[in-house]
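Everything below concerns the one structure shown next.
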Amino acid sequence: MNHTIVRFLLLVLLLNVVRYIAAFPMEMMLVFPGLFGAMESAPGVFNVSFTTGDWITSYVYNFILWTVSVFIFHRMAPVVGGKWIIKSVKIFFLPWLLFVSVSAIYMNHYAHTKMFYVYTMLDSVITFGIVAVANGLLYPRIMGKSSSVG
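Residue numbers (our numbering): 20 to 169.
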């Protein structure tokens, strides 16, 4: 397998770990009480008893989300200005914006539990922000980039 692909997948794996370890404490304080409260207010709408399969699906979804985000970063970094962390925050803004837009669409279309989507958007600010900064720190080291020029 190509060394670039192996390093890329290692980076994505590490970013997934960062997503859960670094973001989780902030989510517990700032997001989860409101998010879970919104879920409890509409028990017929939300799956509150996750099975092993549900957790696996969630982890796979997150892996795909960060893989796509890092791929976009990998392709755009050579043409975006700034040091690695600044580039990363700028570029990760695009997939974050898509994520928030989809949440807003759902919030607009469903009459119940709008606060669930608001807390989901707040959660995405935390997770995308932390992962973007981590990517800016890890990408040049793992991918073997010595300067901030892609």
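Backbone N, C-alpha and C define an ideal beta-carbon position, used for all residues, glycine too. Source: prediction; values computed, not measured.
- Judged by beta-carbon spacing, Ile-83 lies beyond the 8 Å limit of Leu-113, meaning their Cβ atoms are not closer than that value.
- Note that the C-beta distance between Ala-57 and Val-108 is not below 8 Å.
- Lys-164: not part of any alpha helix (DSSP H); DSSP gives it neither H nor E.
- Secondary structure remark: continuous beta strand (DSSP E) runs of at least 3 residues inside the region 98-149: none found.
- Following the DSSP letters along the chain, one finds Phe-51 inside the alpha helix (DSSP H) bounded by residues 51-59.
- Excluding the 5 residues flanking it on each side, Thr-132 has same chain C-beta neighbours closer than 7 Å at Ala-57, Ser-60, Ala-61 and Val-64, in chain order.
- Around the CB of Pro-159, 16 or more other CB atoms lie within 10 Å, so the residue is classed as buried.
- The region 28-44 makes no contact with the region 118-131; the number of CB pairs closer than 8 Å stays below 3.
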